[in-house]
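**Q**
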Amino acid sequence: MMAILLSALTMTLIVGVRYLVTSGAFAWATQRVRPGLYKGLSPQIRMEIFWSIASAGIYGVPAGIVAWGWQERGWTLIYTGWTEYPLWYLPVSLFLYLFLHDTWFYWTHRWMHRPAVFRVAHAVHHASRPPTAWAAMSFHPIEALTGAVVIPALVFFIPIHIAMLGTVLAIMTVMGVTNHMGWEMFPRALVHSRLGHWLITASHHQRHHENYRCNYGLYFRFWDHLCGTDRGLSQP
56 MMAILLSALT MTLIVGVRYL VTSGAFAWAT QRVRPGLYKG LSPQIRMEIF
106 WSIASAGIYG VPAGIVAWGW QERGWTLIYT GWTEYPLWYL PVSLFLYLFL
156 HDTWFYWTHR WMHRPAVFRV AHAVHHASRP PTAWAAMSFH PIEALTGAVV
206 IPALVFFIPI HIAMLGTVLA IMTVMGVTNH MGWEMFPRAL VHSRLGHWLI
256 TASHHQRHHE NYRCNYGLYF RFWDHLCGTD RGLSQP
């Protein structure tokens, strides 16, 4: 039991530091690229950091249990060698994790926009008006829990190399921050390209924070296009 607790505490620390470093770096970049964009938002940013640190604890517990189960019991399908599966499976597993995570996020996100659920769980995140680079993990505990379980659950069902799992977590972290920082870091040639038509960047997610009833995806616009909830891009 002590080993599980230590693993959970370690992962909580890792998630918290990862948030502070990544959000801090992009907040600093915002000050350099868009000086004054966050002017007057200090009280809001303090609340974003508070809720994000609380969320780090919720994300850290299942991650810690999974890490312990993988290292001590071999419960998961995480692998470390290069011969267990063919090399072509590496990008396939990466895409599978991102697509399934995006699917889970899209439908739970839409659910959290139902008025009763929104007031209880999702209003904390939308209290960021406008969102900043610090808002990536600014969640009510209920919302944090829905986000914390999906990747730990997938490692019990879909094999993934540890390097690809790290890539999934890096993409999740960076996109979570950059999609909220209030300005578009990617070139217009990408954002407005055929590829950009299927990817979510700040221009797409900013419109969700403006409109509330559209653009629910996390990585891809697939479900938004399929379900008619895509409303195009904002101009952050």
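Here the sequence shown stands for residues 56 to 291, numbered as in the numbering used here.
Every residue gets a Cβ at the ideal spot worked out from N, C-alpha and C, and that includes glycine.
Bear in mind that the values here come from a model prediction, so they are computed numbers and not experimental data.
If we call anything under 7 angstroms between Cβ atoms a contact, is residue 133 one with residue 125?
**A** Within the sequence shown, the letter at position 78 stands for residue 133. Within the sequence shown, the letter at position 70 stands for residue 125. Cβ atoms of residue 133 and residue 125: closer than 7 angstroms.
**Q** Where are the beta strand (DSSP E) runs, 3 residues long or more, that stay fully inside the segment 77 to 118, in chain order?
**A** none
**Q** Let's test the definition: count the other Cβ atoms within 10 Å of the Cβ of residue 266 and tell me whether it reaches 16, buried, or not, exposed.
**A** In the sequence shown, residue 266 corresponds to position 211, counting from 1. Residue 266 is exposed by the Cβ-count criterion.
**Q** From residue 275 to residue 61, what does the alpha carbon distance come to, in whole angstroms?
**A** Position 220 of the sequence shown, counted from the first residue, corresponds to residue 275. Position 6 of the sequence shown, counted from the first residue, corresponds to residue 61. Between residue 275 and residue 61, the C-alpha separation is close to 35 angstroms.
**Q** Please state whether DSSP places residue 247 in a helix, a strand or coil.
**A** Residue mapping note: residue 247 aligns to position 192 of the sequence shown, counting from 1. Note: residue 247 maps to coil in three-state DSSP.
**Q** Classify residue 206 as helix, strand or coil using the three-state DSSP reduction.
**A** The residue given as residue 206 occupies position 151 in the sequence shown. Note: residue 206 maps to helix in three-state DSSP.
**Q** Among 227, 260, 200 and 264, which one has its Cα closest to the Cα of residue 74?
**A** In the sequence shown, residue 74 corresponds to position 19, counting from 1. Residue 227 is the option with its Cα nearest to residue 74.
**Q** Below 8 angstroms, can you find three or more Cβ-Cβ pairs linking the segment 164 to 176 to the segment 196 to 215?
**A** Contact between the segment 164 to 176 and the segment 196 to 215 is present: 3 or more CB-CB pairs across the two stretches fall below 8 angstroms.
**Q** Could you tell me if residue 57 is buried or exposed, where buried requires 16 or more neighbouring beta carbons within 10 angstroms of its beta carbon?
**A** Position 2 of the sequence shown holds residue 57. So residue 57 counts as exposed.
**Q** When you compare only the Cα positions, how much space is there between residue 182 and residue 101?
**A** Taking the sequence shown and counting its residues from 1, one reaches residue 182 at position 127. Taking the sequence shown and counting its residues from 1, one reaches residue 101 at position 46. The straight-line gap from Cα to Cα measures roughly 12 angstroms.
**Q** Give a yes or no on whether the minimum CB-CB distance between residue 202 and chain C is below 7 angstroms.
**A** Of the protein chains in this structure there is only one, and it is not chain C.
**Q** May I ask you to report which of helix, strand or coil DSSP gives residue 220?
**A** Counted from its first residue, the sequence shown places residue 220 at position 165. Three-state DSSP puts residue 220 in a helix.
**Q** Would you report the Cα separation of residue 207 and residue 68, rounded to the nearest angstrom?
**A** Reading the sequence shown from its first residue, position 152 is the one you call residue 207. Reading the sequence shown from its first residue, position 13 is the one you call residue 68. Near 17 angstroms, if we compare the C-alpha coordinates of residue 68 and residue 207.
**Q** Quick one: measure Cβ to Cβ for residue 50 and residue 155, integer angstroms, because I've assumed they're closer than 8 angstroms.
**A** Examination of residue 50 is not possible in this model, given that the chain is present from 56 through 291 alone.
**Q** Helix, strand or coil: which one does DSSP assign to residue 215?
**A** Taking the sequence shown and counting its residues from 1, the one referred to as residue 215 is at position 160. If DSSP states are grouped into helix, strand and coil, residue 215 belongs with the strands.
**Q** Taking the beta carbon of residue 248 as the centre, do at least 16 other beta carbons fall within 10 Å, making it buried, or is it exposed?
**A** The count along the sequence shown starts at 1 and reaches residue 248 at position 193. So residue 248 ends up on the exposed side.
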